[in-house]
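Trainee: Sequence order for the protein chains is A and B. Under the numbering used here, residues 2 to 281 are what the first sequence spells out, in order. Under the numbering used here, residues 18 to 355 are what the second sequence spells out, in order. Okay, here's the structure, questions in a sec.
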Amino acid sequence: MAKQDMESEGTMIVGNLGELMSPRTRRTFVRTLLAGGTVMMLPSVFTACGDDDDGGMGPDPVTGISFDLRTDAGIFRIVDVLEQLEGFYYTEVVTSPNFASFFSPEEQELFIDLRDAEIVHREFVREALGPMRVPDVTGSINRARLDELLSSRENIVKTARNFEHTGVSGLNGASKFIQDQRNLQTTRNFATVEGRHAAALLDIPLAQGGAVANTDFAGNNVVDPTGRDVKVEADEPRGVFDRVAAIGLLQPGTLATPPVSNPPAPTQGAPTPSFPPPIF
Amino acid sequence: MDNQQTILDGVDPEIMWRLTSRREAIRKGLSVGSVAAAGLAMGSIPVALAALAKEAFAQTPSNIVDVLQFAFLLENLENEFYKAVLGTSAVPAQNDAFTTVRGQIPAPAQEAIQLIQTHEQQHVDFIRAAIEGAGATAPNITADDFDFTGGNGSNDGPFAAATTDLDVLLLTTQAFEDTGVRAYKGQIPLLLDNSGNAAADAVLEAACRIETVEGRHASKIRRIRRQRNPGLTSIRHSGYVLGGGLDAAGVGGISLPAAAVAALTAVYAGEENTVQVVWNGTQELRIDTANLPNTDVIGDAGRKRAAGQIAFDAPLTREQVIAIVRDFIKDDPTRGLP
């Protein structure tokens with residue numbers, strides 16, 4: 002979906018139909034037509050439309066993904082979904098037409114770092130899972146919701162805060178269930194990076210040129226009175242899956258209902274009281 | 018309830034908030050025994066915490082108590098450091114040492130450091146309660162046990178300039194916070210428990226939640242430093258650690274004694290690592306995060322390597338941490354300090 006980067010003025014190259022589903026491409030498409038420009042459809046646009054798919058563009062929608070939390074792989078599969086969504090969303094953010102007008106150069110640097118790290122996390126966890134990985138969920142993106150979440154600076158900052166706090170709180174809650182020392186080590190290696198992000202995003206004001214409190218990076222809505230960070234269980238009110246649903250990027254039904262097929266075994270541990278982050 | 022109202026009248030709003038929040042937590046399902054409930058009713062956080070800890074941590078295995086003792090020492094070091102910086106140490110000489118630099122701290126940074134100190138005090142209190150809840154004894158550590166210049170009691174160690182120069186102070190603060198992150202990261206795998214021991218899991222989860230708070234602190238300090246020095250691009254607005262060794266410290270134009278350079282190099286040793294190890298249930302995989310598929314959008318091989326480095330923090334062993342902090346702690350073998 003990076004073809005627009007190469008467009009010269011007045012000419013638009015479309016590589017596949019999925020691109021036309023992206024709000025950015027759609028806007029360019031309409032603008033190009035209105036300006037009397039040329040839209041080139043590469044052959045791949047047509048080959049992508051096999052008669053076995055329902056008008057499919059890019060990956061097919063998936064449904065009913067479920068999670069068996071009795072193994073470390075089951076826990077990593079939740080991470081897989083989150084990182085897929087984050088990598089996808091931040092890629093959309095930094096290539097959206099308003100990115101440079103919504104955000105200062107310092108803030109743009111932050112979002113590009115964020116995209117890079119989350120893409121690395123995504124590909125890392127998918128390599129780790131191999132055949133146990135979750136299907137590509139980007140075919141199940143709710144495009145109208147994506148448009149909305151990209152439509153303003155405030156929506157982007159809030160969505161990013163929601164993603165990062167879901168990551169921090171979810172990883173803080175899931176770590177006790179991990180059974181292999183190497184997996185626990187690796188999980189914590191990226192959990193604190195999510196914490197660094199979470200704090201950085203709380204330092205970005207919702208309004209351009211606005212202000213945040215100097216203590217917002219770790220205020221008492223995200224650090225409890227004993228100095229401990231946010232923590233949730235995967236499947237509980239205000240837990241990981243609730244938060245993913247609140248962000249709303251996935252079409253209903255992408256994840257199974259309920260998403261957890263088997264909770265962690267008693268030897269892995271038991272759920273503990275949570276300190277959920279707000280929905281920003 | 019009327020009785021409780023009377024007791025709480027006149028308590029400062031922050032304490033009120035803590036109590037309200039704690040009641041909220043309890044209402045949401047945290048089971049609480051009678052002593053903890055009494056502590057809460059009395060409006061006493063320490064009494065309530067100690068009682069809750071006794072219920073939560075009584076069955077903590079000794080190897081895990083040992084990790085708590087190590088964390089307790091590090092949290093005290095951080096807490097007493099910030100108190101000295103802010104001028105709130107119980108030891109006047111420690112406050113006096115930082116008088117010059119204290120006058121240079123802008124209000125926004127002061128507020129951030131004040132919050133960080135508050136968290137470190139909470140960590141000290143929480144970990145002490147956990148140690149005592151497990152039936153062990155936490156040492157009585159005071160500001161007198163530390164030399165924040167890293168001089169092992171000389172008060173003129175390699176980080177002495179932190180008491181007179183704001184940029185050195187912030188660099189030192191960043192190093193303390195990143196060391197904290199890395200120290201927890203080294204200890205957390207040792208807390209892993211597959212027996213369903215609730216106390217062990219409680220310690221592990223608390224360590225994880227404290228670790229990400231230290232990550233928030235480090236992120237904030239890095240942003241404060243970058244804003245003071247916009248050209249120092251190795252320090253990221255995102256709060257990431259980029260690269261390893263001295264590069265990751267982001268010294269910039271600060272001139273430091275050789276011993277401080279060596280210490281900072283040790284603080285970030287191994288942060289450049291890009292290989293992450295997992296067990297997938299049948300085999301161990303060593304995944305090079307600098308060389309993953311579907312990452313071309315990041316850029317060339319150099320940028321991919323940087324991304325692989327920033328995307329993961331790295332652990333320090335206890336021995337590495339002790340080597341870093343040893344000269345900040347005055348020798349006192351009789352009290353078990355390193």
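Backbone N, C-alpha and C fix where the C-beta goes; we use that ideal spot for every residue, glycine too.
By the three-class DSSP mapping on this structure, what secondary structure does residue 108 of chain A have?
Mentor: helix
Trainee: Which residue or residues does DSSP assign as beta-bridge partners of residue 232 of chain A?
Mentor: A:276
Trainee: Under a Cβ-count criterion, where at least 16 other Cβ atoms within 10 Å of its own Cβ denotes burial, should residue 79 of chain B be classed as buried or exposed?
Mentor: It counts as exposed.
Trainee: Would you be able to state if there are at least three C-beta pairs under 8 angstroms between the region 118 to 129 of chain B and the region 167 to 175 of chain B?
Mentor: no
Trainee: What residue range does the alpha helix (DSSP H) around residue 156 of chain A cover?
Mentor: 154 to 175
Trainee: Taking the straight line between their C-alpha atoms, what separation do you get for residue 244 of chain A and residue 129 of chain B?
Mentor: 28 angstroms
Trainee: In the DSSP assignment, find the unbroken alpha helix (DSSP H) run with residue 229 of chain B in it and report its ends.
Mentor: 215 to 245
Trainee: Here's the rule: buried if 16 or more other CB atoms are within 10 angstroms of the residue's CB, otherwise exposed. What is residue 93 of chain A?
Mentor: Classification of residue 93 of chain A: buried, given that the 10 Å Cβ count is 16 or more.
Trainee: Please confirm whether residue 230 of chain B has its beta-carbon closer than 8 angstroms to some beta-carbon of chain A.
Mentor: Under the Cβ distance rule, residue 230 of chain B counts among the residues neighbouring chain A, one pair being separated by less than 8 angstroms.
Trainee: Where does residue 221 of chain A fall in DSSP's three states?
Mentor: coil
Trainee: Quick one: is residue 300 of chain B buried, meaning 16 or more other Cβ sit within 10 Å of its Cβ, or exposed?
Mentor: exposed
Trainee: Please classify residue 170 of chain A as buried or exposed, where buried requires at least 16 other C-beta atoms within 10 Å of its C-beta.
Mentor: buried
Trainee: Whole angstroms are fine: how far does the CA of residue 251 of chain B sit from the CA of residue 101 of chain A?
Mentor: Roughly 22 angstroms between the two C-alpha positions.
Trainee: What does the alpha-carbon distance come out to for the pair residue 139 of chain A and residue 88 of chain A?
Mentor: 10 angstroms
Trainee: Using a C-beta to C-beta distance shorter than 7 angstroms, which residues of chain B count as neighbours of residue 201 of chain A?
Mentor: Neighbours of residue 201 of chain A on chain B, chain order: 236, 240, 254, 255 and 256.
Trainee: Using beta carbons (cut-off 8 angstroms, strictly below), is residue 110 of chain A in contact with chain B?
Mentor: Yes, residue 110 of chain A lies at the interface with chain B (some Cβ there is under 8 angstroms from its Cβ).
Trainee: Please list the partners that residue 213 of chain B has in chain A, where partner means a Cβ-to-Cβ separation under 7 angstroms.
Mentor: Residues of chain A passing the Cβ test: 267, 268 and 270.
Trainee: Short of 8 angstroms Cβ to Cβ, which residues in the region 296 to 317 of chain B face chain A?
Mentor: Listed by position along the chain: 296, 297, 298, 301, 302, 304, 306, 309, 310, 311, 312, 314 and 315.
Trainee: Taking Cβ-Cβ distances shorter than 7 angstroms, what residues in chain B pair up with residue 134 of chain A?
Mentor: Ordered by position in chain B, no residue passes the 7 angstroms Cβ test against residue 134 of chain A, which lies about 11 angstroms from the chain.
Trainee: Run the CB neighbour count on residue 97 of chain A, radius 10 Å, all protein chains shown included, and call it buried at 16 or more, exposed below.
Mentor: buried
Trainee: Would you give the residue range spanned by the beta strand (DSSP E) that residue 105 of chain B belongs to?
Mentor: Residue 105 of chain B -> no beta strand (DSSP E), and no H or E assigned at all.
Trainee: Please check the pair residue 229 of chain A and residue 223 of chain B, which I expect to be a contact at CB under 8 angstroms, by giving their CB distance rounded to whole angstroms.
Mentor: 6 angstroms
Trainee: How about residue 365 of chain A and residue 209 of chain A: do their beta carbons lie closer than 8 angstroms?
Mentor: With chain A covering only 2 through 281, there is no way to say anything about residue 365 of chain A.
Trainee: Within 8 angstroms (strictly less), CB to CB, does residue 128 of chain A reach chain B?
Mentor: By the rule that beta-carbons nearer than 8 angstroms mark a contact, residue 128 of chain A touches chain B.
Trainee: Given a cut-off of 8 angstroms, decide if residue 278 of chain B and residue 327 of chain B are closer than it, judged by their beta-carbon atoms.
Mentor: no
Trainee: Using a beta-carbon distance cut-off of less than 7 angstroms, what residues from the region 134 to 148 of chain B approach chain A?
Mentor: Listed by position along the chain: 136, 139, 140 and 143.
Trainee: I'd like to check one pair, residue 150 of chain B with residue 71 of chain B: are the Cβ atoms closer than 8 angstroms?
Mentor: yes
Trainee: Closer than 7 angstroms, Cβ to any Cβ of chain B: which residues of the region 227 to 238 of chain A, in chain order?
Mentor: 227, 228, 229, 230 and 232
Trainee: The alpha helix (DSSP H) with residue 68 of chain A in it runs from where to where?
Mentor: Annotation: residue 68 of chain A is outside any alpha helix (DSSP H); the continuous beta strand (DSSP E) that includes it extends over 66 to 69.
Trainee: Using a beta-carbon distance below 8 angstroms, is residue 183 of chain A in contact with chain B?
Mentor: yes
Trainee: Name, please, each residue of chain B whose Cβ falls closer than 8 angstroms to the Cβ of residue 190 of chain A.
Mentor: 202, 293, 329, 330, 331 and 332
Trainee: What span of residues does the beta strand (DSSP E) with residue 289 of chain B cover, start to end?
Mentor: According to the DSSP assignment, residue 289 of chain B belongs to no beta strand (DSSP E), since it is labelled neither H nor E.
Trainee: Does DSSP put residue 305 of chain B in a helix, a strand or coil?
Mentor: Strand.
Trainee: Quick one: is residue 196 of chain A near chain B, going by C-beta distance under 8 angstroms?
Mentor: At a cut-off of 8 angstroms between C-beta atoms, residue 196 of chain A counts as an interface residue with respect to chain B.
Trainee: Along chain A, in chain order, which residues have C-beta atoms closer than 8 angstroms to that of residue 205 of chain B?
Mentor: 176, 185, 186 and 189
Trainee: Report the CB separation of residue 174 of chain A from residue 213 of chain B in whole angstroms; it is logged as a contact under 8 angstroms.
Mentor: No, residue 174 of chain A and residue 213 of chain B are not in contact; Cβ-Cβ is about 17 angstroms, not under 8 angstroms.
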